[in-house]
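To start, the structure itself, in structure tokens.
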């Protein structure tokens, strides 16, 4: 079975531009990183052109953003805000393990609070 998703190119372009600006990257800089012309990137950001799959992946990588945000506007991949994901990428394996244990303790504590309330 083949499933097609209609892409709103205007919204996609707006999200790319918004994320680029939030990362303080100039349009020309991103175009150079992606090895495309500034005019092509401008067309994508205005919703007049659709990036190829390879270019789309490059944009996601260059902007450190998940595809679901650019396509759907969801900054929470698996309910984790993008800014947290960005910070976690900077952590060591040991730090990630610590964060994982901390979150697990928070969840266990929350579960215990709910059972105590009953």
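In my numbering, the protein residues as written are 527 to 644. The beta carbon of each residue, even a glycine, is placed where N, CA and C say it ideally should be.
Of all C-beta pairs linking the stretch 571-585 to the stretch 607-624, fewer than three are shorter than 8 Å, placing the two stretches out of contact. Residue ranges of uninterrupted alpha helix (DSSP H) with 4 or more members, entirely inside the stretch 543-608 and ordered along the chain, are 553-560, 564-571, 579-588 and 593-598. For the pair residue 583 and residue 620, the Cα-to-Cα distance works out to about 29 Å. Under the three-state reduction of DSSP, residue 541 is assigned to helix. Under the criterion of beta carbons closer than 8 Å, residue 576 and residue 542 do not qualify as touching, at roughly 11 Å.
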